[in-house]
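Undergrad: In full-length UniProt numbering, the protein residues as written are 1 to 114.
Idealized CB from N, CA, C, for every residue including glycine.
The structure follows.
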Amino acid sequence: MDKISSPAEFQAAIQSPRLTVAIFKADWCGDCKFINPFMPEVEQNYADKLTLVEVDVDAVGEVSQEQNILGIPSFVAYSEGRELVRFVNKLRKSRQEIEDFLNRAVEVHQSIHK
């Protein structure tokens, strides 16, 4: 998973016509650490459908503010610079909830890019 470390990198990542899901995280976040063990497998399972990028909210805080990220970890799907759908709240996210969100993001993306 690519790590985004600047606003320019973030903008470049979300401009792709490919479905890109940004995961807003921080090293100090317990709920972010909770998802770390299973995210590589999730990323591998969805590799043919989307690109996952990790956004460190401490490194690029202005991006988090612009994107109205109120809790972490948060997931926001983009394509061609537009937000398609988001999974943002202050609750811990289970693998099933994350996969459900990714499936929804894929459906939305496919409905736009037929």
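1) For V43, which of helix, strand or coil comes out of DSSP?
2) Would you call P40 buried or exposed, if buried means 16 or more other Cβ atoms sit within 10 Å of its Cβ?
3) In the DSSP output, which residue or residues are listed as bridge partners for V74?
4) Going along the chain, which residues of its own chain have a beta-carbon closer than 6 Å to the beta-carbon of L50, five neighbours each way excluded?
5) DSSP beta-bridge partners for S79?
6) Specify the secondary structure class of V55 as computed by DSSP and reduced to three states.
TA: Let's see:
1) It should be pointed out that residue 43 corresponds to Glu in this sequence rather than to Val. If DSSP states are grouped into helix, strand and coil, E43 belongs with the helices.
2) exposed
3) As written in the sequence, residue 74 is Ser, which differs from the Val given in the question. Note: S74 sits in a beta bridge opposite F24.
4) L19 and V21
5) R82
6) strand
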